[in-house]
Each structure stands twice: as structure tokens, then as C-alpha cells.
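2 protein chains.
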Amino acid sequence: MYTIGQVSRLFGVPISTLRYYDKEGLFPGLERSSGIRRFGEQELEALRVIECLKRSGMEIKDIKQFMLWCSLGRETYGQRLELFRRQKAAVEAELKKLERTLDMLRFKCWYYEQALAQGGEEGLKALLPDALPEEIQGAYDRAHAGL
Amino acid sequence: MYTIGQVSRLFGVPISTLRYYDKEGLFPGLERSSGIRRFGEQELEALRVIECLKRSGMEIKDIKQFMLWCSLGRETYGQRLELFRRQKAAVEAELKKLERTLDMLRFKCWYYEQALAQGGEEGLKALLPDALPEEIQGAYDRAHAGL
DNA sequence: TCTTGACCTAAAGTCAGCTTTAGGTGTTAC
DNA sequence: GTAACACCTAAAGCTGACTTTAGGTCAAGA
């Protein structure tokens, strides 16, 4: 069993945030002894899931719904599975968008390296949109696809 | 040249957002004819870069700084390159975190598929933390690494 | 002429997710 | 016995990124 301060250090999450999560109902079965919160293995796994679902773009109130399902037992396995499948698809989509973002950043890095080396952008602008060197044309194309 | 409404439809960005960006100084050289904004190729590329930098986690005020550098000419190539390199590193780090998030989601999907199939979690909990089937143990380990 | 639609401004409002503040309890260390 | 910690609560405050509101201009079509 851990105190709020120990969990805070363990996960690198501020104490105020843990109290906020608790107030929002994210630790439905959290025990207390004489007013003090006692975090067990269940709450640690809940916190891992909270961080995961937050990173996947889910809002606190929807995470609360999930935690509620968890405390309702086997009746809710179906809903929980559906939720994780939805978030999995969301993260896969986000990964694709981030890959295109990275393509743009790769292109811009290359562009300013060239601009610095050549002392200007003129020669570079003449290569747009489709006479770029092979190694960077792909990144440019993917970053500019559809607009 | 495009009006604000055309750009809005083209990029799928609300008109109010485009005006907000303009007010925040994200289109430093934006022209107007009798009060009406005229978006040219430069502003379209600026908007692509805005979406890219936003997705990479940058704040509006820092994007404004970048746009300012762009309007200052070749003196600022170095700063611009540095900025893109920094954001590239940030996105690469974010991609790694998202991969771990995805590992957690993969594990949870598998877990609830099993729970549904078996009618309960008991048999499953006995496999934690290191007796899981090969195909899912890796995802579990990566998702739970370091806590 | 009048009304519809696309544009404009300044200022106030909204929302999520915390964080801070102000005040209080209970236990250990000197 | 008093000071330093680690915990507690309720409520107010903050931040960033928009969005909405309220009111106005201008041009084209019926």
C-alpha cells in the first residue's frame, strides 16, 4: 500500500493531480485509513490506464465511465473491450498523422540546411514542387498531400 | 488569391480560427483589399506549417515567433532550422510514447477478448506479470516498463 | 428596395485539466 | 512543547485555444 506522496514520486504525477483524479471518480474503490488515501496495486494499474487513455486522447469523464465499468464486474467486459478497440483505432490514426507531421519537419530541416549552405532560398524554390532530390521528395509529397 | 471562406473550406479550419490566427500574428504579410483578407500561396504554406507545428506540440505564441523570423529574411535561417530540429526531436519522442500507449491498448484488447471468451478474469490474472502467451507478453512488458 | 450572403471588428464567453490558496489535522524529531 | 512534515478539504484561479455574440459594411439578385 502506498500514500499519495509515494505514488506521486513513483509516477511523476503531482499530488494535486492525484487528488483531482480521485475527486473526479477515477479511483472508485480507493481505500482510506483515518482519512488518508491508501493506493494499492489496483490503483497503480488504474493510474497506468489513466495515463494510457489520456495519451490516446480520451477525456477525464470518459475515463471515469471506464473505471465505473471496472467496478461493475464481468457484465461490462464487452463495453470495456469496445472502448479499448476504439482508442486503439484512434491512436493508430494519430500515429499516421504524426508521421506526416514528421515528413513536414524532415522537409523543413532539409530546406533550411540547404538555405544556410547556399546563402538563400532562390535556388531552392525553383525545385518546388517536384524537382527535389529523391531523398526528400517523398517527405515533401506526403507532407503536402491533399492541399 | 483566396478569401477567408475559401481557405476555411480548403483546409477544413473554421473561419473564426483563421481570424484568430491572423489576430495573433500568424500571417505577418497578409494582404487586404478594402478591408477583406486576401490569402496567397505564402499564407497557404504558412497554414500548412501552423498545422504541422501545432501537431508537434508548439504553442501559438512560438509559432508567431517563427512566422516573424520568416518575414525577417535570411538572417534567421539558423533559428528556423534549430526550431524545426527541436520539433522533429519532440515528435520522434512523442511517437515512441504513442507506441507504448498502443502496446497497452493491444494488451487490454487481448485481455478483454480473453475475459469474454473465458467468462472471467481469474485465469487471466494468474498469468500476470510474465506467464502471458508469447504474442502478447512483449506488449505487456513494454507498456508496463519502468513502473 | 430590400434581403441575402460573405465579409469585418472588439469583446466576452467557454472548456478541459489542472493548480493554487487558505485553513486544518495528526505524527514524529528535537 | 513546538516545529517540521505529510496528509486533508473546499473553493477559487489559471491557461491556451478557440468560439460566440453583437453590431456593422458592402455587393449582387428578385
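Just so you know, the protein sequences line up as chains A and B, in that order. So for the first sequence, this note's numbering puts the first residue at 1; every next one is plus one. So for the second sequence, this note's numbering puts the first residue at 1; every next one is plus one. For each residue, glycine too, the CB sits at the ideal point set by N, CA and C.
Under 9 Å from the C-beta of B:Ala115: neighbouring residues of chain A: Locating residue 115 of chain B in the second sequence gives position 115, counting from the first residue. The contacting residues are Arg74, Tyr77, Arg80, Leu81.
Residue interval of the alpha helix (DSSP H) (run including A:Ser8): Here the question's residue 8 of chain A lines up with position 8 in the first sequence. Segment 4 to 11, the alpha helix (DSSP H) holding A:Ser8.
When B:Pro129, B:Glu75, B:Asp103 are compared against A:Leu155, the one with the closest alpha-carbon: As displayed, chain A neither begins before 1 nor continues past 147, which places residue 155 of chain A out of reach and without an answer.
As assigned by DSSP and simplified to three states, the class of A:Ser71: Locating residue 71 of chain A in the first sequence gives position 71, where the first residue counts as 1. A:Ser71: helix per DSSP, three-state reduction.
Member of B:Gln114, B:Met104, B:Asp22, B:Leu147 whose CA lies at the smallest distance from the CA of B:Lys61: Here residue 61 of chain B corresponds to residue number 61 of the second sequence, with the count starting at 1. Cα-wise, what sits closest to B:Lys61 is B:Asp22.
Residues of the stretch 109 to 142 of chain A with Cβ closer than 9 Å to any Cβ of chain B, in chain order: The stretch 109 to 142 of chain A vs chain B, Cβ under 9 Å: Cys109, Tyr111, Tyr112, Glu113, Ala115, Leu116, Gly119, Gly120, Glu121.
Euclidean distance between Cα positions of B:Leu53 and B:Glu94: In the second sequence, residue 53 of chain B corresponds to position 53, counting from 1. In the second sequence, residue 94 of chain B corresponds to position 94, counting from 1. Each residue's alpha carbon lies about 13 Å from the other.
Length of the line joining the Cα atoms of B:Gly119 and B:Tyr111: The count along the second sequence starts at 1 and reaches residue 119 of chain B at position 119. The count along the second sequence starts at 1 and reaches residue 111 of chain B at position 111. Here the C-alpha atom of B:Gly119 lies approximately 12 Å from the C-alpha atom of B:Tyr111.
Cβ pair count under 8 Å reaching 3, the stretch 41 to 52 of chain A against the stretch 90 to 108 of chain B: Contact between the stretch 41 to 52 of chain A and the stretch 90 to 108 of chain B is present, because at least three Cβ pairs lie under 8 Å.
Segments assigned alpha helix (DSSP H), at least 4 residues, entirely inside the stretch 97 to 126 of chain B: Runs found: 122 to 125.
Whole-angstrom distance between B:Thr17 and B:Gly138, CA atom to CA atom: Mapped onto the second sequence, residue 138 of chain B falls at position 138. Mapped onto the second sequence, residue 17 of chain B falls at position 17. Whole-angstrom Cα-Cα distance: 43 Å.
Cross-strand partners of B:Ser33 (DSSP beta bridge): Mapped onto the second sequence, residue 33 of chain B falls at position 33. B:Ser33 pairs with B:Ile36.
Nearest to A:Ser34 (by Cα), restricted to the options A:Met58, A:Ala126, A:Thr3: Within the first sequence, the letter at position 34 stands for residue 34 of chain A. Among A:Met58, A:Ala126, A:Thr3, the Cα nearest to that of A:Ser34 belongs to A:Thr3.
Euclidean distance between Cα positions of B:Ile136 and B:Leu81: On the second sequence, residue 136 of chain B is found 136 positions in, with the first residue counted as 1. On the second sequence, residue 81 of chain B is found 81 positions in, with the first residue counted as 1. Taking the straight line joining both Cα atoms gives about 41 Å.
Through-space distance from A:Arg85 to B:Ser71, alpha-carbon basis: Against the second sequence, residue 71 of chain B aligns to sequence position 71. Against the first sequence, residue 85 of chain A aligns to sequence position 85. If I take the Cα positions, the gap works out to 46 Å.
Chain B within 9 Å of A:Glu24, Cβ atoms only: The residue given as residue 24 of chain A occupies position 24 in the first sequence. A:Glu24 is outside the set of residues whose beta carbon lies under 9 Å from a beta carbon in chain B.
Extent of the continuous alpha helix (DSSP H) run through A:Ser16: On the first sequence, residue 16 of chain A is found 16 positions in, with the first residue counted as 1. Where A:Ser16 is concerned, the enclosing alpha helix (DSSP H) stretches over 15 to 23.
CB contact below 9 Å: A:Phe84 versus chain B: By 1-based counting over the first sequence, the position of residue 84 of chain A is 84. By this cut-off, A:Phe84 is an interface position.
B:Asp130: first and last residue of the uninterrupted alpha helix (DSSP H) it sits in: Position 130 of the second sequence, counting from 1, holds the residue named residue 130 of chain B. In the DSSP assignment, B:Asp130 falls outside any alpha helix (DSSP H), carrying neither H nor E.
Three-way DSSP call (helix, strand, coil) for B:Gly138 in this model: Position 138 of the second sequence, counted from the start, is the residue given in the question as residue 138 of chain B. Collapsing the DSSP output to three states places B:Gly138 in a helix.
Limits of the unbroken alpha helix (DSSP H) element including A:Ala46: The sequence position of residue 46 of chain A within the first sequence is 46, counting from 1. Counting along the chain, the alpha helix (DSSP H) containing A:Ala46 begins and ends at 41 to 55.
For A:His144, three-class secondary structure by DSSP: Start at 1 with the first residue of the first sequence, and residue 144 of chain A comes out as number 144. If DSSP states are grouped into helix, strand and coil, A:His144 belongs with coil.
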